[in-house]
Structures are given as structure tokens and as C-alpha cells.
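Comments concern the structure below.
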Amino acid sequence: MFRKFTLRVPRLILALALILLGAVCIFTLGKIHLIIAEKNLTSLGLLAGGLIFYIGIVLVISMFESETVLSIALLLPSMVAVAIFVYSFIGWSIRVSLSKWKGLNPDFTWVGLKQYYILFHNNPRFVIDVRNTAVFTVGFILGCLILGLGLAILLDQKLKGEALFRGIFLFPMSISFIASGVVWGWLMNPATGNRITGINLIFQTLGLKSFISLWHSTPQPWGMAFTVIPAVWQLSGFTMALYMGGMRSISDDLREAARVDGASEFQIYRYIIFPLLQPVTLSAVIILAHMSLKIFDLIVALGNKDIRLDVPGIYMWTTTFDGTNYAQGAAIGVLMLVSVAILVVPYLVHNMRTETQL
Amino acid sequence: MLSKKFSWGFLSLMIVAILVLSACGPAAKTPAPTTSTEVEVFSWWVGPGEADGLAAMVTVFNQQYPNIKFVNAAVAGGAGTNAKAVLATRLAAGDAPDSWQAHAGQETIATYVTAGQVKPLDDLFASTDFGKVLPATLLPLISQDGHPYSVPVNIHRSNVLWYNPKVLAAAGVTANPKTDFTTLDAFFAVCDQIKAAGKICLSLGGPWTAVHLFENVMIGTIGADKWNGLWTTPPTTDWAGADVAAGIANFAKALSYTNADASTLSDWQPASKMMIDGDAAFNIMGDWAYGYFANPAPNGLALTPHTDFDWAVSPGTYGTFNFLSDSFVLPVAAKHPDATIAWLTVAASRAGQEAFNPLKGSICARTDCNQALFSEYSQDAAKDWASNVVVGSLFHGVVAAPAWVTSIGTAIGLFQADTSKTADFQAALVAACKADGTCP
Amino acid sequence: MTRRVLTHTLFYIILIILAVFYLLPIYLMLLTSFKSFDQVDLKTMWSLPTNGLHIANFIAGYKQLAPNINNSLMMVIPEAILSSLLGSLNGYLLAKWKFRGSNLVFTLILFGMFIPYQSILIPLVKFMQAIKLYGDIPGLVLVHIIYGIPITTLIFRNYYAGIETEILDAGKIDGAGLMGLYRYIMFPLSAPSFAVVIIWQFTQAWNEFLFAVVLTNQSHWPVTVALNNLAGSQLVQWNVLMAATLLAALPTLLLYLFLGRYFLRGLMAGALKG
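See below:
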């Protein structure tokens, strides 16, 4: 790996200067505060110091002229950051979930799997949560993929006003989850008779009486399915953007060649574009899955912590912060992660296998 | 043609430039001076009225303690983005504010006193007149083992029955809610009349308002003493007994008179509005609703009391004041303990409470405030506060620990889906009491 | 030709119906934000504001948000730029410079996306205190960048995976190294992905509340905390809140319109090959 080493003096001088500068930055700012024009710039200086130091190191490594070594060196900061901010914190959560920490003061007394037993044993709320998450995740991912791909194909037709439509479809994403939950709660009001309002009122005015719905107050599990609507409304635009990005990376030459060969537009999508969009679909599924399994604000704003629309994110929140039962809350969090692992990891592995075969 | 080299120096310079630009770009904010004393107070008073009330109390504080800087770390508590989580995280990470807001009663005791995060306030209560001007029945509710742990700044009443006199008149109701609803049955008889007239009898809002309704129906059914008996250790009122069963039956009946879309409503406001609009006759809600009805725009509907709306106490609770209170604590880990004492002294003082409460729409915890400063409703409530039997609210954190309230809320939510399952509901209440450790 | 006109008309009809669906809630928000407080009512949600448009809601909303907008901009702009650069680099390395175990590294990084943030607040605050980045905006930027690594890496990696490796081989023959290939071939091809990632990271950081309120102190709170603080503990002025929500969404909207052009810029590949 380190066979070749070419000394480049100017680069080495720059590298050493950066390493020194970075080290000095970190060392001094760890001890004293940096205040410029009455602004406390200590934390910024610390970050900049770390970055300068690291760039110096990479400069030295780049002289080894081994692509693998350089590649690993460039990935290393991300790997270290993820190791600390994700895996060490997950480890902490697992440890807490095996303790009896209840109340504000940490208590790491070992109780084994007791917290998990409480969750699984005769706990109607947890059953509701699992069912609701399943309904929501399936509906949300399918809804976003279908609508997002449809929108991307429509906007791929080089129609006039493409920019305007793209803006309209993306706009919901810029609205906070809480505001959108509230507004959709208004729109999906199930009141009848002279108090009829929201979308039901529109249906009534249009004479579409059979469409009038109880929305998310429909008896479960179908009520939960309606909570997918606001979520799809917010994220299908982003899914569209992902697909559009993917379609732009497919060169026009390829399509043109197919057209010359006599392929119809439909066949071009079916046999050329869709297969090439598979990695984008993977991105979309993972991004949407991570949102749906952690969904919290939207459901709180829409369902107002109604137990019938409960999800693990809300259960964990109320257990941890309202009930200050940290151990139990951590157990819910760990179970959420485990369910992700069960659902997503086989998919990832499968996808990578097929990819290497290609 | 491709350039063979990649300019490392260029990349480094670019990144450093981004960092420097982002630091020196937008306008500067001066960091808080660390030399003089300050008091960082964490509250959830950010909305209309309450933020003004806090500002008025801070003005009083600044007059009395000009050399202490007040840092207002207020975070809204609503809609899932909860102030409590911020506070809990800061406390667990050892970064306690100098004082924070908590509902008086078990919410403070179970959360902060049990964890040893706050100090008893015997000295403050002894050195000021505060302990002497509180209703006698209040002190036990905010104390643990005889020591008070928080300074209640304001009092809200939970058991208020708001009603629309026009709807009652149109339905031909002759009963007077202020005197005739001595039992829930008397109330239900009127409900039948209103239902027959094609209106909703009792408007209900989002899920938490069902817990609010539950506590007031239960108190109205079993009375103040038995209600208090539910929360003693061990309970002197049997959770599995006939009293609670009667309360549950009344609760189920009350729910049958409510609007079907209740669970989808965002909060209490749309339910109260339903009563104001004449679609419903009654609404049981805390007295913060008064400000919503009577305040001038833009914070209220500017309605006229007694003609557009009127109030009584909730059915069966005459002579009982179901209260909740916002209070402040003295943290063990306060960075400026003297400044905290100063803040608590102002919060307990007549001047502080008279500045805060008229704007907040609550009444003073003290019974000696100048009533001329307050609205007609508040004057009414203040009289009851000084003379009634005081009991504590369940949903608003007085009588039960937050975890217990959560499990009762869950049970109520499941019960709402099918109100015929009264036995399951009562069993869930018994289990919730056991899980809390209060029931053996 | 007529068939083409027909299909295009059909496409427009579908697009317009969908646009109505997407705009309906926005319309309701706008309607509400121009109403006076006493007109905010479920029953009359579709009726137009009476007594003129209540611009005062927007002024009240702006007053509440203004002090914190600077903080948000100072956080989001460096965050979005650095985060997308880092993601692009990671994605490039993981897609085109595979080494033994690089797929495992990718999977491990990716899994970080699923961590429920509410459950790790306490160790996070403690760690940020330990490295002295607690309470200020740079610390928040760092946290957003780090928790953005999985998603930015994923988007870029899968985007680069769709680009033929032959393009790189041509560059290698010309003698470019790992970073040279990135700077002169991959980076110019990445415009659509940068657009997507910046849209995502900007929106996430701009709308994020939990980290913001926990990791910064009161003088550095970004705009979400101010927005959240518009809702009182008992009374909510929906008209002002909707006005403020729309105001807070404006910078993001402007960014979307600005970045939209870059979706069209993805076809440099053809030019390079030719």
C-alpha cells in the first residue's frame, strides 16, 4: 500500500504549516476564549482548527500516491464522526435500556431485559404502535414513490411551465411538519350535518357525496392510513426531485439511440430509464423509511397524541420526557432501531450483492 | 483536455474561507456578560397574554433588584415540541437554569423533588408573608413531608362549565346552571332537552380535553373528599370500587352527549368556539377560556359576558375549586442561588402577582390581591378560591405524577373508542395506580 | 402532430389537478393568515377574510421571528454547503474507489440515519460540552453536518453509481489522480445531486427544532424556536402562526426556485464524451 512515496517539498511545507496552525488553534482555544468584536468565536475557532489540522494530515498522506490510502484517509473523518455520534450513542441507549433509570438522575443499575419485557407483556399501546407504524410506513413509501415518479415523468416531457410546477410540488416540503399537521387536521375534519367543513365540504359542494370521509377518525387500522396523506403531500415533491436528478444523469444519447431503434416512449421508460433509476429508488426508500419509522411532529400535530394514532416516536417521547422513565424510553428507541435493522439491512445487503454482480 | 493536478492548496483555502466568512458575516450579537449576576428563568410563557404577564413581573423584578439581569429562556410547551424535554435534557446534562416553571403539586414533586433537583422553600415561606395568605387546603398539595417545594404564581380553575345562554333559551331550558346542576343527572336531563332541539349538548376538543372532562365528571360524581382519597398513599378511595364505577358511568354518559369529531380537533379552542357559535350548549374547560371569549382583538373574540356566554362550575362541584397552578422552583444546582431567591421572592410577592395575573387571565395564588385589577370572572373565581374546598387537577399535574397521568390518558383514549367497555377502563385505572406505586 | 398535442393537453390536465391538490393546504394557510383572530374557525375555514386583509398577522409574526433569522442563516448556509461537499466526496469515494470493506463502511454510515434523535439528546449534550462546542451556532452546524452524513452520502453515492465508470477511465489515461478526477470530472457532473442534497439539508436544518433548542443558548436560538414560541401554553393564534409559518418558509422557497435550474444542468456528460 505504501510502496510509492514522492516527496513534494512545497506541499510538505504547506502541510506542516497547516498541521502546526491547527494544533495551536485547538490547544489555545481549549484554554482561553477567542473574542473578536465582542463576539465569542471560540467554538468556531475550535472547528476551524480541527479542519486545518486534518487538511494538513491529508496533504502528507496524498504524497504516498496510493489511491486506497488516500480514499480511506478522506473517509476517515466521516467514519469517526459517525462512530461517535451514532454508534457510541446507540451503545449508551442500549446500556440505559438495560438499567432501571427512572427520574432525572442517571441510574445505571442493571436489570437485564426487564424494560423490554414490560413493553412486550400485555401492553395494548405497544401493539397499537407496531400496527400503526406498519400501516404508515407502507402507505407513505408507496405513496411518495408512485407520486414522485409520476411527477418526475410528467415534468420530464419538456413541457412549458416546468419550473413553476416543480416549485409547486416542492413547496410543501418547506412547511414545518407541525403546521402541515395542523392544516391537514382542519382539512380532514370529519364533522357532518350543518358543521360539515374542510375537504368534506368541497366534496359536498361538488356533489361527490360518496367521497365524504371520516378521515383519520375512521375506526382503526384504516384511520391511520389517512395520516399518510399529509406526509405524502410533504415528501412526494422531494421524491420527485430525486427522480429528476436521476433522470438528468441518463444521457440523451441513450434515449436517442433507442428512439432510432424504434422504441416507443413507454418502452424507453420501461426498459432503459426505470432500470437505471434503481439506485435512486433505493435512496428514496431509505430516506422515506427513516422518516416514517421516526415520525413524530406530524402525527402529534394531526392526531394530538390520540392513542389510536399513536406511533413509537410519540410513545418514546411521552415515556422519556413526560414520565421521565429514561430506561423504558431508551428501550423503545432501541426497538425502533432493531426494527429498522430487520427491515432495511437485508434490503441493503441484497442491493449491494446485485450491484456488484452488474 | 484535463488538468493533471488537483490543487490541494486551493481546496484548503476555500474551506477556510467559508468558515471565516460564516463567522464574520452577519451582524454580531453580544454574548451575555459573565461578570454581573443574572438569573436565567425557564418558562413556557410565550403566548399572547402570558408573555406580557411575565414581562410585567420582570419589570417589578428589575425595580427591586436592578443589578440582577433577567434572562428569559422561555420555550413553548405545546404541540409536541415540548419545553419539558429541553429542561429534562439540560438537567440530566448538568446545565440547570436558575429557576424553572413547573405545575405545582405532584408534577413538581414526582419529577424534581424525588430526584433531589430542587430545594425546599421553608425559609422563603417563613421569611415572607406568603405562607399565611394561601388557602389552607393548598399547602398540602404543593408540599412533600410538610415542606413546600414551589412558589405558585397563579391559579387557574379547571372545573368551569361555560355555556351559551341563547342555545339554552332556544331549547326551552329553564334550569339555571349556576344553581341547579347539583348532580350529573340534573345536567344530563338538560342535555336530553338540548339534543332534542338538534344541538350538541357538550362540546369536546382534542384528546387531552377528554382527560380534563374526566377529572371534572369524577369530582362531580364522588365529591371532593373521595377525589382526594384517590391520590393518597395508599388510596382511601378504592379505584376498583363502586364510587369510581359510578364516575366512569357518568363519564361514558357525558361522552355520549359530545361531538363525534372531538378526537380530531387540535385543542380546546375549536370546542369552545363550537359553544360560542351556538352549535353546542356547554363546554367544560379551564378558565383560560375566559380570555379567549372576552378579550378584545387580536387576542380574543371580544364577546359580552352573560349574553354571548356565561359560566358556572361544572355539574356536581358547587363549593369545590379544582385548581392548577404554575410555579417556580429553587434548583439545587442553580448557578446564581441568591438571584434565584430574589426571583422567587418577587414571584411570591403581592406586587409580582398583581403585575402578572391580570394579563395572564389567572387569579393570584395569594388571597390578598387587589381585586379591582381583575376581570369580572376572575373576581368571581377569587372569591371561591378563598372560600371553597380546594382540590387538585389530574391532567394539569397537581394530584398525580406525570407518568401516571400519561397512563390514565392512554386508558381514556382507548375508552373513547368504545365506551361500552367500562370494566376494561376501570381495570386499566387500577393498573395505572399500581404501576405508579401508590396502590399496593 | 395532433396526437402530440393531445397527449400534452392530457399531461397538463393531470399536472393542474395535482397542483390543486398540492396548493389546497397552502391556500388554506394563506387564507387563515389574512384573517382576524375571531374569524379563525373550523366551520368557516373556506370563507374569505372580512374587513380587509389582516396584514398585522404578518407584522406580528415577523416581529417574533426577526431576531432569530440571522442565527438561522448563519447556521444553515455553512451547514448546507459543507454538508453537501462532504457528502459528495464520501459518495464519490464509496461509489468509484471501492476498497475491501467499503460496502460495509457505507452500510454502517447509512444506518446512522435511523437513530431516533430524541433518545440520544443527553449523551449528545454531554459530548458537545466536553468538546466545548455547546451553546453556540458552530456546534449546531457540526451536529447537523454529522447527522447529515448518512443521507448526503447515500444520495451522492447512488447518483454517482449511475454514471458510467468509462468516463473516469478516460481521465485516468490523461494522468489525473483521485482528487483530480473528482474535481474535473465528477464534480461538474454533480449539479442535479447538489441541488437535491442542498434542498434537503437546507430544509432539514432550517426546520429542525430539537437540536436547535437543546444545543444553543437563548441568544443563539434559530428561527424554529421563535416560530414554536408563537404558540402559547393555552391560547394559539392560528392566524399569526400561519402567517409566521409562511414567512419562515420563504427562504427555503427562494432556494428551491434558485436551485431548480440546476436540475437541467446534468447533461454535461454528453458534451464531455463528444
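Chains as they are written, first to last, in the numbering used here: chain A, 1 to 358; chain B, 1001 to 1440; chain C, 2001 to 2274. All C-beta atoms, glycine included, are put in the ideal place defined by N, C-alpha and C.
Trp-1208(B), DSSP secondary structure in three states: helix
In chain order, what residues of the region 2119-2143 of chain C put their CB closer than 7 Å to some CB of chain B? Leu-2121, Ile-2122, Val-2125, Lys-2126 and Gln-2129
Own chain partners of Ile-2059(C) with C-beta closer than 6 Å, once the 5 adjacent residues on each side are dropped: none
C-beta contact flag for Glu-1050(B) and Val-1071(B) at 7 Å: no
Count the other C-beta atoms from every protein chain shown that fall within 10 angstroms of the C-beta of Ile-1200(B), then say buried if there are 16 or more, exposed otherwise. buried
The region 285-293 of chain A / the region 1360-1369 of chain B touching (three or more Cβ pairs under 8 Å): no
How would you list, in chain order, the residues of chain A whose beta-carbon sits under 9 Å from the beta-carbon of Tyr-2184(C)? Those within 9 Å of Tyr-2184(C) in chain A number zero; the least Cβ separation is about 16 Å.
Thr-1089(B) at chain C interface by Cβ criterion, 7 Å: yes
In the DSSP output, which residue or residues are listed as bridge partners for Thr-1258(B)? Leu-1202(B)
For Phe-165(A), the three-state DSSP class (helix, strand or coil): helix
Going along the chain, which residues of its own chain have a beta-carbon closer than 7 Å to the beta-carbon of Ser-217(A), five neighbours each way excluded? Pro-190 and Gly-223
Quick one: list the residues of chain C neighbouring Thr-68(A), beta-carbon separation under 8 Å, in chain order. Trp-2097 and Phe-2099
Neighbour flag for Tyr-2276(C) against chain A, beta carbons, 7 Å: As displayed, chain C neither begins before 2001 nor continues past 2274, which places residue 2276(C) out of reach and without an answer.
Using a Cβ cut-off of 7 Å, which residues of the region 1035-1069 of chain B contact any Cβ in chain C, in chain order? Trp-1044, Trp-1045, Val-1046, Gly-1047, Pro-1048, Gly-1049 and Glu-1050
Just confirm the distance between the C-beta atoms of Ala-1074(B) and Ser-1099(B), as a whole number of angstroms; I'd bet it's less than 8 Å. With a Cβ gap of about 12 Å, Ala-1074(B) and Ser-1099(B) do not count as contacting.
Is it a yes or a no for the region 2201-2212 of chain C touching the region 2061-2077 of chain C, going by three-plus beta-carbon pairs under 8 Å? yes
Secondary structure of Tyr-2027(C), DSSP reduced to three states: helix
For Lys-100(A), the three-state DSSP class (helix, strand or coil): coil
Drop a sphere of 10 angstroms on the beta-carbon of Asn-123(A), count the other beta-carbons inside from all chains shown, and report buried for 16 or more, exposed for fewer. exposed
On the criterion of 16 or more Cβ atoms from any shown chain inside 10 Å, does Lys-2273(C) qualify as buried, or is it exposed? Unreliable positioning characterises Lys-2273(C) in this predicted model, as indicated by a pLDDT of 39, which lies under 50. The coordinate reading is nonetheless provided below. Answer is exposed; the Cβ neighbour count stays below 16.
Quick one: give me the first and last residue of the beta strand (DSSP E) that Tyr-1290(B) is part of. No beta strand (DSSP E) holds Tyr-1290(B); the alpha helix (DSSP H) holding it covers 1289-1294.
Partners in chain B for Lys-2063(C), counting only beta-carbon separations shorter than 7 Å: Within chain B, no residue comes near Lys-2063(C); the closest Cβ sits about 12 Å away, beyond 7 Å.
Going along the region 1289-1308 of chain B in order, which residues come within less than 8 Å of chain C, judged by CB to CB distance? Gly-1291, Tyr-1292, Ala-1297, Pro-1298, Asn-1299, Gly-1300, Leu-1301 and Ala-1302
Exposure of Leu-2010(C), with buried meaning 16 or more beta-carbon neighbours within 10 Å: exposed
Sort Trp-215(A), Leu-47(A), Arg-270(A) and Leu-46(A) by Cα distance to Leu-149(A) and report the nearest one. Arg-270(A)
My output table needs one value for Val-1086(B): the three-state DSSP class, helix, strand or coil. helix
Who are Tyr-1163(B)'s beta bridge partners in DSSP? Phe-1282(B) and Asp-1310(B)
Run through the region 2201-2262 of chain C for me and flag every whole alpha helix (DSSP H) of 4 or more residues, listed as ranges in chain order. 2210-2215, 2223-2228 and 2238-2260
What residues of chain A sit near Asn-2090(C), judged by a beta carbon separation below 7 Å? Leu-75 and Ser-78
Skipping 5 residues on each side, what residues in its chain have a beta carbon closer than 7 Å to that of Leu-986(B)? With chain B represented from 1001 up to 1440, any question about residue 986(B) goes unanswered, as that position is not in the structure.
Based on Cα-Cα distance, which residue from Leu-2178(C), Pro-2116(C) and Arg-2157(C) lies nearest to Phe-64(A)? Leu-2178(C)
Might you give, ordered along the chain, the residues of its own chain that have their beta carbon closer than 8 Å to the beta carbon of Tyr-2184(C), omitting 5 neighbours on each side? Gly-2171 and Ala-2176
With three or more C-beta pairs closer than 8 Å as the rule, is the region 2030-2048 of chain C touching the region 2231-2242 of chain C? yes
Measuring only the C-alpha atoms, how far is Pro-1026(B) from Leu-2215(C)? With a pLDDT of only 38 at Pro-1026(B), under 50, the local geometry of the prediction cannot be trusted, and the value read off the model is given with reservation. Between Pro-1026(B) and Leu-2215(C), the C-alpha separation is close to 20 Å.
For a cutoff of 7 Å on Cβ pairs, would you count Gly-2232(C) as touching chain B? yes
So with CB distances below 7 Å, who are the chain A contacts of Ser-2193(C)? Gly-245
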